[in-house]
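Visitor:
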Amino acid sequence: MPVNLKGRNLLTLKDFTTQEIKYLLNLSMDLKNKKRSGIRGNLLERKNIVLLFEKASTRTRCAFETAVYDEGGQITFLTNSQMGKKESIEDTAKVLGRYYDGIEFRGFKHETVEELAKYAGVPVWNGLTDLYHPTQILADFLTIKEHIAKPFNKVKFVFVGDARSNMGNSLMIGAAKMGIHFVVVAPNELFPSDSLISEMKKVAEKTGAVIEFTESIDKGVKGADVIYTDVWVSMGEEDKYEERINLLKPYQVNKELMNKTENTDTIFMHCLPAFHDLNTSVGKEMKEKFGIIEMEVTDEVFRSPQSVVFDEAENRLHTIKAIMVATTGNL
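Going by my numbering, the sequence shown opens with residue 37, and the numbers climb by one from there.
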């Protein structure tokens, strides 16, 4: 059956079928090959896109802006609107929907992007909220497709660390949709919510996915094709550094953990930014306060041949481009 995503929002991958996700990944690959061949695009020609940001960003902003320019569109980066201050989210959405062909939102409350989508009348894309980060997951899955010579339903994907974050939630959703063997290795209190686990296990029953949770590193990582981690403290949780360091230090991705996979082809993934050295102000602060020089991943693993983090980061561009082209482009 042909896939038509024209006019669709991307708020969470819960709203997309396995076939639709595969379509977006294949379109991403086509657009990536097109860019690398130096072919000038026109799939967003005469399209105007606006980016609404509450949270800081490198990859999300740059990927959206470059993707729009690559395909001939125009973009506005808006951080000083009256949304939520002098003007309601509903009214802002109705105004921006009159000016633009698509709206991206990156911020805190997921309810904000849902309200934008309800009233805008044009496609709305979630660039990250406290609950979900769907554009990142598409980039992750494109990276797996490129680096692992297995179909998704044969891949063992292990997430190590804070799994009740937007990344933990979103990776579990994506894995359930794609039939992946998904394992969370983390302290019990950092597992995703029971309600989301239950919901995704029902999806997994239909797709053949396996969703598992364990506090045991040895048990969880054995046979892994992918080891994935993320920062221990998300934006807005900066007061929790000491608590998370004490809780997650045993779950640091290091060479010993990678060796426990017993798979020499295991790849390491991270959505970035990563605290793997002292070359950031936060890294220096963590050393001064807690005496640590690396956090969720060691510099050795981050810079190793197993690490595909910069391929993964590049793929944000191609998958975000595919989302916009599929939902508001000139296909």
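We put the CB at the ideal spot given by N, CA and C, even for glycine.
Being a predicted model, the structure only gives us computed values, none of them experimental.
1) By the three-class DSSP mapping on this structure, what secondary structure does M208 have?
2) Check the DSSP bridge columns for S343 and list the partner residues they point to.
3) The beta strand (DSSP E) with R142 in it runs from where to where?
4) Which residues mark the beginning and the end of the alpha helix (DSSP H) in which Y59 is found?
5) Report yes if the C-beta distance between G197 and L284 is below 7 Å; otherwise report no.
6) Spell out a yes or no on whether the segment 195-212 and the segment 39-51 are touching, meaning 3 or more CB-CB pairs, one atom from each, closer than 8 Å.
7) Give me the residue from A260, H217, T297 with the minimum Cα distance to A240.
8) Can you give me the C-alpha to C-alpha distance between E324 and I281, rounded to a whole angstrom?
9) State yes or no: is the C-beta of H306 within less than 7 Å of the C-beta of E330?
10) Check whether the Cβ atoms of L79 and E56 lie closer than 7 Å to each other.
11) Does DSSP put F311 in a helix, a strand or coil?
12) Under the rule that 16 or more other beta-carbon atoms within 10 Å means buried, what is A185, buried or exposed?
13) So what does W268 bridge to, in DSSP terms?
14) Taking its Cβ as the centre, do 16 or more other Cβ atoms sit within 10 Å of A245, making it buried, or is it exposed?
15) Rounding to the nearest angstrom, what Cα-Cα distance links E332 and K145 in this structure?
16) Let's see if you can read the secondary structure: which residues bound the alpha helix (DSSP H) around I329?
17) Tell me the DSSP bridge mates of T29?
18) Whose C-beta lies closer than 6 Å to the C-beta of A129 among residues of the same chain, with five residues either side of it excluded?
19) Does DSSP put I263 in a helix, a strand or coil?
20) Alpha carbon to alpha carbon, how far is G138 from T355? Give it in angstroms, no decimals.
21) What runs of the beta strand (DSSP E), each 3 residues or longer, lie entirely inside the segment 152-182?
22) On the three-state DSSP scale, how would you describe V191?
Guide: Checking against the coordinates, here is how it stands:
1) Translated into the one-based positions of the sequence shown, residue 208 becomes position 172. Here DSSP, grouped into helix, strand and coil, assigns M208 to helix.
2) Here residue 343 is taken as the residue at index 307 of the sequence shown, counted from 1. According to DSSP, residue pairing for S343 in a beta bridge involves F304.
3) Along the sequence shown, read from residue 1 onward, the residue named residue 142 stands at position 106. Where R142 is concerned, the enclosing beta strand (DSSP E) stretches over 138-142.
4) As a first step, residue 59 must be located in the sequence shown, where it is residue number 23. That run of the alpha helix (DSSP H) goes 54-72.
5) On the sequence shown, residue 197 is found 161 positions in, with the first residue counted as 1. On the sequence shown, residue 284 is found 248 positions in, with the first residue counted as 1. With respect to L284, G197 sits close: the two C-beta atoms are nearer than 7 Å.
6) Taking a contact to require three or more Cβ pairs closer than 8 Å, the segment 195-212 and the segment 39-51 qualify as touching.
7) Counted from its first residue, the sequence shown places residue 240 at position 204. Per the Cα distances, H217.
8) Indexing the sequence shown from 1 puts residue 324 at position 288. Indexing the sequence shown from 1 puts residue 281 at position 245. E324 and I281 have their C-alpha atoms some 14 Å from each other.
9) Taking the sequence shown and counting its residues from 1, the one referred to as residue 306 is at position 270. Taking the sequence shown and counting its residues from 1, the one referred to as residue 330 is at position 294. No, these two residues do not count as a Cβ contact at 7 Å.
10) Taking the sequence shown and counting its residues from 1, one reaches residue 79 at position 43. Taking the sequence shown and counting its residues from 1, one reaches residue 56 at position 20. No, Cβ-Cβ distance for L79 and E56 is not below 7 Å.
11) Numbered from its first residue, the sequence shown carries residue 311 at position 275. In the three-state reduction of the DSSP assignment, F311 falls in the coil class, being assigned neither a helical nor a strand state.
12) Against the sequence shown, residue 185 aligns to sequence position 149. By the neighbour-count criterion, in which 16 or more other beta carbons inside 10 Å mark a residue as buried, A185 falls on the exposed side.
13) Counted from its first residue, the sequence shown places residue 268 at position 232. The secondary-structure analysis by DSSP pairs W268 with nothing; it has no beta-bridge partner.
14) The residue you call residue 245 lines up with position 209 of the sequence shown. Buried, since its Cβ has 16 or more Cβ neighbours within 10 Å.
15) Your numbering for residue 332 matches position 296 in the sequence shown. Your numbering for residue 145 matches position 109 in the sequence shown. The C-alpha of K145 is placed about 25 Å away from the C-alpha of E332.
16) Your numbering for residue 329 matches position 293 in the sequence shown. Element bounds for I329: n/a, residue is neither H nor E.
17) As displayed, the chain neither begins before 37 nor continues past 367, which places residue 29 out of reach and without an answer.
18) Position 93 of the sequence shown holds residue 129. Close CB contacts of A129 within its chain, under the 6 Å cut and outside five residues either way in sequence, are with L152, Y155, A156 (chain order).
19) Reading the sequence shown from its first residue, position 227 is the one you call residue 263. Under the three-state reduction of DSSP, I263 is assigned to strand.
20) Within the sequence shown, numbered from 1, the residue matching residue 355 stands at position 319. Within the sequence shown, numbered from 1, the residue matching residue 138 stands at position 102. Looking at the backbone, the Cα of T355 and that of G138 are separated by about 16 Å.
21) Counting only runs of 3+ residues, the beta strand (DSSP E) found wholly inside the segment 152-182 occupies 160-164, in chain order.
22) Translated into the one-based positions of the sequence shown, residue 191 becomes position 155. V191 falls in the coil class under three-state DSSP.
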